[in-house]
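Trainee: Have a look at the structure that comes next, please.
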Amino acid sequence: MNSDSDSDSDASHVSATPPRASKPPPSSSSSTLFTSSSKPNPNFSKASSSLPRMANSKHLKPSSRVAKQPPIPDAKHSEKESSPDWTPLPTLPYQIRRVSDQSRAISSSESMEMLPAGFFSKSPSFMKFRRSSLNFETSEDNRTLLEPIQLNNAESEIAGCSTADWGMKDEVFSLGNRVKSVRKHPNLIGTHVSVPPIKVRKCGGEGNFVKLNMNGGKRKFVKKLNRRKYGDRSSYRPRRKTKTNLKTENCEEAASFCDEDGLVTETTQHPQKQGNGGGKFDPTTIEETISNVRNDPSDDNLVQLLTLAYGYDSFQDGQLEAIKMVLAGKSTIVVLPTGAGKSICYQIPAMILPGITVVVSPLVALMIDQLKQLPPVIQGAVLCSGQRSEEVAETVRLLIQGTIKVLFVSPERFQNTDFLSIFSSSLVVSLLVVDEAHCISEWSHNFRPSYMRLRASLLRAELNVNCILAMTATATTSTMQAIMTALEIPSDNLILRTTVRKNLQLSASMSTNRVKDLLRLIKSSPISEVQSIIIYCKFQSETDLVSRYLSDNGISAKSYHSGLLAKDRKRIQENFCSNKIRVVVATVAFGMGLDKRDVGAVIHYSMPESLEEYVQEIGRAGRDGRLSYCHLFLDNDTYFKLRSLMHSDGVDEYNINKFLSEVFSGNNSLCGKVYSIVKEPASRKFDMKEEVMITILTYLELGEMHYMRLLPQLNVTCSLNFHKTSPAMLADKDIVVAEILKKSETKQGQHVFDMLTVVNSIGISATSLSNHLQNLKLKGEVTYEMKDLAYCYTILKTPEDFCSLSAHLRKWLSEIQTSKLRKLDAMFDAVTCAINLCGKKTEACCNFEQTPCLEEKICSYFQEGDTYDTPNKMSQSSPFLRADIKVFLQSNSQAKFTPRAVARIMHGIGSPAYPSTVWSRTHFWKKESPTL
Ligand SMILES: Nc1ncnc2c1ncn2[C@@H]1O[C@H](COP(=O)(O)OP(=O)(O)OP(=O)(O)O)[C@@H](O)[C@H]1O
């Protein structure tokens, strides 16, 4: 365990070597793992172990921007479903099925993208508050009651994207002059998953796992920051809420309920957006200008193209430099603040370069937003989950034909051989863009294992691309280093600008009653004059609570989080963008890709987990360049909760070893056999979150040694019903059915079989089997249900020494966890420092004096990165800890616990095998609550 891990460090009172037994204890759950073989691994036995605006406001004109009411969209049109009776085209590289089809087989490629690792938990939960029970005073009781649910919610949101972002089903993916505007966004994931009942383990032979042992240079990129484009804050015009807005606030709130079921089509978004040609799109003139730039990429020609294509007079800081680097074929990394206009850095080269530009983006929602933002001159498309095969085929055709210039894909696409095969043809990729490139680095705030697939060598081999553009708004020096190493970007090709725009005024205050302080802040100047406000919370329950409180106090507010239905989230975002709602109270699920230019204030009701996250979120404010306000409420409770949550990803070497044993249990047959690990039971069995499991698996695939090849995820259990022809007769004419009958069990009239058993015995791919079943279904022969989503893989090499591999993996995961804790501490310290500057630390006001301090802290953090070390703020363990542990172990003597499991329970941190829903009922839960 890492030294920073306060909660777990308390476990040092117990043995640090959990697996004393030579074999793992029985699982705490009655889970079944669907693997091709369940033989124990022989290696396992080795296991041991600016006074700005106010000062100047009288000289400044109030904002003339008044909220216009766009027409209420046609809900029915947006929700329209396409016919379910489609037939997969056998010649297509993809077979993608409709989400709405109840008995659909999720295609392998699809399932992988719908359920990425590291970004969500499958256990969203919501707390419904009754008005009468609302109590905004901080009370211990409230905290105790809410926390387990809040923790779950946070787990689903914290990692940087919502489950829905991944499950979103989009039926339109090609834009440009060819919009089909029917989209559907069912939240496929996370809305229906309940925590399975967990039983406390029964007495095993090995006794308690916890021994009662009561006695017992990284290179820096410290670059001189360029002078900011944005000058002194005092030169910014403040934004004002107009009288009209003030008067109609409550009416607008009512109006927002009128279109309760309304869906707004994509094409109506961004009503406030300027540029993009400003309606003066003239293809001939643009083509001529593009041709001029090809001949002479001078600054003047590029500015002319910018003006024609976007309607902007000049480039923003860093844009021209980046474009010229890319046009010169140099792989480049661009680190520009949020809202600084990074998209143009690849869009303009995409117009000029001969081949296509592939943009890798972490979220489907982001891809769609970026697609919509392409200027009319660029044809773009998205390839992602949920598309129909016809759409995919059409996109591929347009790509090969050269019509599509920009293609958006997720990193998981690079796992799909069908996708990669497109590039083996004559398709020329001129540029590969890695958006949110910090996801490559495990030291970033948002590591995505699938981004490990983005290595220059692999990309060159697979896409034959030489020029790579990495873009991010938030990268510390170690993160930048990781990106540049992975993508082989020379250190000279770094375009780095300040992380915070100068038009943002930053402030913070300590709060013991945040809702009241928040209300006071919003009702007082200057925020009282701001039209559009985003309030960020950490937990879903907080968003509901805060929005209701604000609404009760006459402020038009709506909560937004991944637990809401996709259509509701979309409606809220639309209403916010069209100024029908003044305040959105959101979790991190809101904002990625949101380009509402006139957001005048971003308020952090809860502290973010890192300065990266803070910078990303305040970057939603003032994208129009006007002076905007960012206030943060700091409270110790949130800090401790977040710290605790960070420990919930921790995993024991013992469990890693068990997991590896399971993964490589089929080590005897390496001849392309496909294996699987069903996610949910495995998560409980190994007490590992799904994101941790996929991180380990990705490491096994892409780490120093290539032990396996990960395949797209798949539902591996199929329950089949025959309808027209009898099973035996159908089997006579169909070898797949014959094999299914051989391999299936009959349960309640259904033939239940493991997909991979059939796949391995016939020697076809899982996708082919899915397609075959789908065809039989379309012919009316069968219906079927799929379940048990699993990681699928083939084994390339079995590790020689499981113990050392487990130790290595544990150390690596623990370093990632420590890095996250440091980030949280750095965030806390930066804000505390700014608050200490202020005479009245608890006064929630936009205190301009704090801005330079916060900026300086942010700057030095991004320069020093992981070397930034903060003293441990946690209290000493309670003097009764040892006695508590003893009593705990005695009273649960029938169960076996690792030290980490005990530490987590004592700190009130749920985990897959010891969920808070079960363990919070014991009085040991949170016994060791931290205090400052
Ligand atoms: N040269 C320019 N002049 C004026 N506005 C610009 C210019 N370039 C881009 N913009 C506008 O700035 C806004 C932000 O651009 P964009 O979305 O590309 O920023 P970003 O850096 O990608 O932000 P984020 O990191 O938040 O995604 C957009 O509305 C865009 O049209």
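Per the UniProt record's numbering, the very first residue in the sequence shown carries number 1; after that it's consecutive.
Backbone N, C-alpha and C fix where the C-beta goes; we use that ideal spot for every residue, glycine too.
So what's residue 933 in DSSP terms, helix, strand or just coil?
Mentor: In this structure the chain extends from 1 to 932, so residue 933 is not present and cannot be described.
Trainee: Counting Cβ pairs closer than 8 Å, one from the region 563–577 and one from the region 622–634, do we hit at least three?
Mentor: Flag = no, the region 563–577 and the region 622–634 do not touch.
Trainee: Could you tell me the distance, in whole angstroms, from the CA atom of VAL663 to the CA atom of SER410?
Mentor: The residue given as residue 663 occupies position 663 in the sequence shown. The residue given as residue 410 occupies position 410 in the sequence shown. Those two C-alpha atoms are separated by around 26 Å.
Trainee: At what residues does the beta strand (DSSP E) containing ALA790 begin and finish?
Mentor: On the sequence shown, residue 790 is found 790 positions in, with the first residue counted as 1. Start and end: 782–795.
Trainee: Between LEU776 and VAL716, is the Cβ-Cβ spacing less than 9 Å?
Mentor: In the sequence shown, residue 776 corresponds to position 776, counting from 1. In the sequence shown, residue 716 corresponds to position 716, counting from 1. Their beta carbons are not under 9 Å apart, which means LEU776 does not touch VAL716 by this criterion.
Trainee: Quick one: Cα of GLN573 to Cα of GLY591, how far?
Mentor: Taking the first residue of the sequence shown as 1, we reach residue 573 at position 573. Taking the first residue of the sequence shown as 1, we reach residue 591 at position 591. C-alpha separation (whole angstroms): 9 Å.
Trainee: From VAL758 to LYS743, what does the alpha carbon distance come to, in whole angstroms?
Mentor: To locate residue 758, count along the sequence shown from 1; it is residue 758. To locate residue 743, count along the sequence shown from 1; it is residue 743. If I take the Cα positions, the gap works out to 7 Å.
Trainee: Under 8 Å from any heavy atom of ligand 1, does the C-beta of TYR614 make it?
Mentor: Locating residue 614 in the sequence shown gives position 614, where the first residue counts as 1. The answer is no for TYR614.
Trainee: Please return the same chain residues whose Cβ sits closer than 7 Å to the Cβ of MET367, not counting the five positions on each side in sequence.
Mentor: Within the sequence shown, residue 367 is the residue found at index 367, counting from 1. SER361, VAL382, CYS384 and PHE408, listed in sequence order.
Trainee: What residue range is occupied by the uninterrupted beta strand (DSSP E) comprising ASP754?
Mentor: Reading the sequence shown from its first residue, position 754 is the one you call residue 754. Note, ASP754: beta strand (DSSP E), 750–754.
Trainee: Among ALA350, LEU813, ASP552 and LEU469, whose alpha-carbon lies nearest the alpha-carbon of PRO449?
Mentor: Locating residue 449 in the sequence shown gives position 449, counting from the first residue. It is LEU813.
Trainee: With a cut-off of 8 Å on the beta carbons, I'd call VAL359 and ALA309 a contact; round off their distance for me.
Mentor: Translated into the one-based positions of the sequence shown, residue 359 becomes position 359. Translated into the one-based positions of the sequence shown, residue 309 becomes position 309. About 17 Å; that fails the 8 Å criterion.
Trainee: Can you grab the Cα-Cα spacing for the pair ARG571 / LYS596, in whole Å?
Mentor: Here residue 571 is taken as the residue at index 571 of the sequence shown, counted from 1. Here residue 596 is taken as the residue at index 596 of the sequence shown, counted from 1. Using only the alpha carbons, I get a separation of about 15 Å.
Trainee: When DSSP labels each residue in this structure, what does ASN579 get in the three-state scheme?
Mentor: Reading the sequence shown from its first residue, position 579 is the one you call residue 579. Here ASN579 sits in coil by DSSP.
Trainee: Strictly by DSSP, which residues pair up with ALA393?
Mentor: As a working note, residue 393 is residue 393 in the sequence shown. Answer is none; ALA393 lacks a bridge partner.
Trainee: Under 9 Å between the Cβ atoms of MET471 and VAL334?
Mentor: Along the sequence shown, one-based indexing puts residue 471 at 471. Along the sequence shown, one-based indexing puts residue 334 at 334. Going by C-beta atoms, MET471 is nearer than 9 Å to VAL334.
Trainee: Return the Cβ separation of MET827 and GLU609 in integer angstroms, given the expectation that the two are a contact with Cβ distance under 8 Å.
Mentor: Along the sequence shown, read from residue 1 onward, the residue named residue 827 stands at position 827. Along the sequence shown, read from residue 1 onward, the residue named residue 609 stands at position 609. Their Cβ separation, rounded to whole angstroms, is 7 Å, which keeps MET827 and GLU609 in contact under 8 Å.
Trainee: Determine the DSSP secondary structure at GLN316, reduced to helix, strand or coil.
Mentor: Sequence index remark: in the sequence shown, residue 316 carries index 316 (1-based). GLN316 falls in the coil class under three-state DSSP.
Trainee: Grouping DSSP H, G and I as helix and E and B as strand, with all else coil, what is ASN775?
Mentor: Taking the first residue of the sequence shown as 1, we reach residue 775 at position 775. Helix.
Trainee: Compute the distance between the beta-carbons of ARG514 and ASP635, then report whether it is under 9 Å.
Mentor: Taking the sequence shown and counting its residues from 1, one reaches residue 514 at position 514. Taking the sequence shown and counting its residues from 1, one reaches residue 635 at position 635. The answer is yes: Cβ separation under 9 Å.
Trainee: When burial is assigned at 16 or more other CB atoms within 10 Å of the CB, is THR499 buried or exposed?
Mentor: On the sequence shown, residue 499 is found 499 positions in, with the first residue counted as 1. With 16 or more other Cβ atoms within 10 Å, it is buried.
Trainee: Sort out for me which residues DSSP pairs GLN505 with in a bridge.
Mentor: For the purposes of this step, residue 505 is taken as the residue at position 505 of the sequence shown. BP columns for GLN505 point to TYR629.
Trainee: Quick one: is the Cβ of ASP595 within less than 8 Å of any heavy atom of ligand 1?
Mentor: Position 595 of the sequence shown, counting from 1, holds the residue named residue 595. At least one heavy atom of ligand 1 is nearer than 8 Å to the Cβ of ASP595, so yes.
Trainee: Can you name, in chain order, every residue of its own chain whose Cβ lies under 6 Å from the Cβ of PHE576, other than the five neighbours on each side?
Mentor: Within the sequence shown, numbered from 1, the residue matching residue 576 stands at position 576. Taken in chain order, the residues that qualify are VAL584.
Trainee: Per DSSP, what kind of secondary structure is ALA895 in: helix, strand or coil?
Mentor: Against the sequence shown, residue 895 aligns to sequence position 895. Note: ALA895 maps to coil in three-state DSSP.
Trainee: Compute the minimum distance between the beta carbon of ARG623 and the heavy atoms of ligand 1, and state whether it is under 8 Å.
Mentor: Residue 623 sits at position 623 when you count from the first residue of the sequence shown. Checking the Cβ of ARG623 against ligand 1 gives yes.
Trainee: Measure the C-alpha to C-alpha separation of SER30 and ALA895 and round it to an integer number of angstroms.
Mentor: In the sequence shown, counting from the first residue as 1, residue 30 sits at position 30. In the sequence shown, counting from the first residue as 1, residue 895 sits at position 895. Because the pLDDT at SER30 is just 33, under 50, the model does not fix this residue reliably, and the point stays unresolved.
Trainee: CA-CA distance, PRO799 and LEU805?
Mentor: As a first step, residue 799 is located in the sequence shown; it is residue number 799 there, counting from the start. As a first step, residue 805 is located in the sequence shown; it is residue number 805 there, counting from the start. So the alpha carbons of these two residues sit roughly 8 Å apart.
Trainee: In angstroms, rounded to a whole number, what distance separates the CA positions of GLN750 and SER761?
Mentor: As a first step, residue 750 is located in the sequence shown; it is residue number 750 there, counting from the start. As a first step, residue 761 is located in the sequence shown; it is residue number 761 there, counting from the start. If you take the alpha carbons of GLN750 and SER761, they lie about 21 Å apart.
Trainee: By the DSSP assignment, the alpha helix (DSSP H) with ALA830 in it spans what residues?
Mentor: Position 830 of the sequence shown, counted from the start, is the residue given in the question as residue 830. Segment 802–837, the alpha helix (DSSP H) holding ALA830.
Trainee: Check whether the Cβ of SER628 sits closer than 8 Å to any heavy atom of ligand 1, and report yes or no.
Mentor: The count along the sequence shown starts at 1 and reaches residue 628 at position 628. Not so, every heavy atom of ligand 1 lies at least 8 Å from the Cβ.
Trainee: Given 8 Å as the limit, tell me if GLN316 has its C-beta closer than that to any heavy atom belonging to ligand 1.
Mentor: On the sequence shown, position 316 is the one that residue 316 refers to. At least one heavy atom of ligand 1 is nearer than 8 Å to the Cβ of GLN316, so yes.
Trainee: Going by beta carbon distance, what residues of the same chain come within less than 7 Å of HIS923, once the five residues before and after it are set aside?
Mentor: Stepping through the sequence shown from its first residue, residue 923 is reached at position 923. Excluding positions up to five away in sequence, the list is empty.
Trainee: What is the rounded straight-line gap between the Cα of GLN505 and the Cα of VAL918?
Mentor: The count along the sequence shown starts at 1 and reaches residue 505 at position 505. The count along the sequence shown starts at 1 and reaches residue 918 at position 918. If I take the Cα positions, the gap works out to 45 Å.
Trainee: Are ALA437 and ILE483 touching if we call contact CB-CB under 9 Å?
Mentor: For the purposes of this step, residue 437 is taken as residue 437 along the sequence shown, with counting starting at 1. For the purposes of this step, residue 483 is taken as residue 483 along the sequence shown, with counting starting at 1. Closer than 9 Å, so yes.
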